[in-house]
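The structure under discussion appears below in the form of structure tokens.
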Amino acid sequence: MRTPPSFDTWTVIFLFAAIQGLVLAFLLYLKGPREKRSQKTYLLILMLLFCMMIMEYVLWWTGYLIHYPHVMNVTGPFPYFFGPLLFFYFRKIFRSKGMQWSMDWPHFIPALCFIASHIPLYLQSELTKINYISGTVPRPVGLPWPWLNIIQLMTYTVVCYYEYRSDAENTLEVKRWFRLLLYLFSAFIVAVLSYYSLVRMPWFDAGWDYMISASMMCFIYGLSLYGYFHEKVFNGFDLTEQQVTKPKYQNSSLKTDQGQIILDQLNHIMKEEKLYVDDEINLDKLASRLKVSRHQLSQALNERAQLNFFEYIHSLRIEEAKQLLKNTSKKEFNIIEIAYKVGYANKVTFNNTFKKHTGMTPSEYRSAPSEGVANILPLHGQKKIS
């Protein structure tokens, strides 16, 4: 903290980034159809909290916080909201399920505990807070809140990755967006971890105090720039939507029967090698395996099988799962083991996809009489792959 209060280059940059982030969050919220705004609310709240934290840090670094003592530590609970907000954003996007306080309130227990433990500090007089800010009076020592927060942030990052990574494989654009958010969030965690690990070292440089705000600034600009160049993200683009509209290949490079030949070759290697059980399978890998272009393979699937790539893969996986469910017992393979065997990375995605294709959960399908499920068609009656 500077005495007398003053700005330097870095604090000006951070203040500008925070103000710009507030404006961007407002504009991005208004962008796109009104009915899709709930999808991005959690992410934009996260941006707002980052901006407000940077502003309080700027007041501290410049020394102006001493003129606004009641602002001290107002943003302290914010980091405990970051993990839940990211989790709820992905859940809303991939599972169409927003936050429900009656069920989801445990996510906010750390934040509520932080606020409750700091109420005595918030209620202190202006003079006492000025003494804390100036260092005249040492602050009371409590729980190691920063370290508890780091553990919480890391836990949510890992949970988000393993819970939603298979959902993010739907398209390359979705995959990149999902990874970008986790990379930026992880960079913030690394900055916080590094700061609190180094701050007690005798050779700690005061300039490193800026690293946490720098990581938040990167998150704000990374998010905004990606949204600027990929409008679907902030126009309410449903990240789980599939390409149900079949493209018209006006400039087709396929000859009359070539599409059927490609489809036959694809069906053959799928039957022999079961490539669909690879949870990282994608259109590029299959096209390379068949020695055709991505465009040609996509065209063959759309025109000859009336399916897009994801429908095709899901159809094969669900057919394999149906066979396993009917021909094995719970003792041989439980539901999650079958999900892994047919190429799904988690049980939730498998259950959702299976029910979408069959109208039943895997457990219901396994327990149903054989004659009751014999005529169930994949993909709501679309053409079965053979």
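So the sequence shown is numbered by the working numbering: it starts at 183 and just counts up by one.
Quick reminder that beta carbons are idealized off the backbone N, C-alpha and C, glycines included.
Range of the contiguous alpha helix (DSSP H) that encloses residue i
i      : result
Glu345 : 327-346
Leu230 : 223-244
Asn484 : 476-486
Asn534 : 529-540
Gly265 : 261-277
Ala200 : 191-212
Where residue i sits in the DSSP three-state scheme
i      : result
Val524 : coil
Ile463 : coil
Thr185 : coil
Ser316 : helix
Glu308 : helix
Leu405 : helix
Asn449 : helix
Ser284 : helix
Asn509 : helix
Thr257 : coil
Phe290 : helix
Phe386 : coil
Ala550 : coil
Phe419 : Unreliable placement is indicated for Phe419, whose pLDDT of 48 sits below 50; no coordinate value is reported for it.
Arg321 : coil
Lys473 : coil
Val381 : coil
Ile515 : Reading the sequence as shown, one finds Phe at residue 515 and not Ile. It is coil, neither helix nor strand.
Asp576 : Because the chain in this structure spans residues 183 to 568, residue 576 falls outside the shown range and cannot be described.
Lys456 : coil
Leu572 : Lying before the first or after the last residue shown, residue 572 is absent from the chain, which here runs from 183 to 568.
Leu247 : helix
Leu594 : No statement about residue 594 is possible, as the shown extent of the chain runs from 183 to 568 and does not include it.
Pro429 : At Pro429, the pLDDT of 46 sits below 50, so the modelled position is not reliable; the number obtained from the coordinates is stated separately. Note: Pro429 maps to coil in three-state DSSP.
Gly563 : Interpretation of Gly563 is limited by its pLDDT of 40, a score under 50 that renders its predicted location unreliable; the figure taken from the coordinates is listed afterwards. Coil at Gly563, not helix or strand.
Gln424 : In this prediction, Gln424 has a pLDDT of 45, which is less than 50 and means its spatial position is unreliable; what the coordinates show is noted afterwards. Note: Gln424 maps to coil in three-state DSSP.
Assumed close pair residue i, residue j - CB separation to whole angstroms, cut-off 8 Å
i      : j      : result
Leu230 : Ala207 : 5 Å
Tyr338 : Pro266 : 7 Å
Trp385 : Tyr377 : With 8 Å as the limit, Trp385 and Tyr377 do not qualify as a contact, their Cβ atoms being about 14 Å apart.
Leu303 : Asn255 : 6 Å
Leu498 : Leu445 : Contact doesn't hold; Cβ gap of about 13 Å is too wide.
Ser348 : Ala527 : 4 Å
Ala293 : Phe272 : The Cβ separation is near 19 Å, so there is no contact.
Leu489 : Leu479 : That belief does not hold up - the Cβ atoms of Leu489 and Leu479 are roughly 12 Å apart, past 8 Å.
Ser316 : Ile248 : 6 Å
Thr535 : His496 : 6 Å
Test item: CB-CB of residue i and residue j under 8 Å
i      : j      : result
Val474 : Val524 : no
Met399 : Phe196 : yes
Ala503 : Tyr494 : no
Tyr408 : Leu362 : yes
Ser188 : Gly245 : yes
Ser299 : Leu325 : yes
Leu472 : Ile463 : no
Asn331 : Pro251 : no
Phe360 : Phe401 : no
Ala350 : Val341 : no
Lys274 : Tyr224 : yes
Ala521 : Phe532 : yes
Ala200 : Ile236 : yes
Ile517 : Lys508 : no
Trp243 : Thr193 : yes
Met222 : Leu210 : Here residue 222 is Lys; the residue named in the question, Met, does not match the sequence. Against a cut-off of 8 Å, the Cβ pair of Leu210 and Lys222 comes out as a contact.
Phe270 : Met281 : yes
Phe515 : Leu506 : yes
Glu501 : Gly441 : no
Val374 : Ile394 : yes
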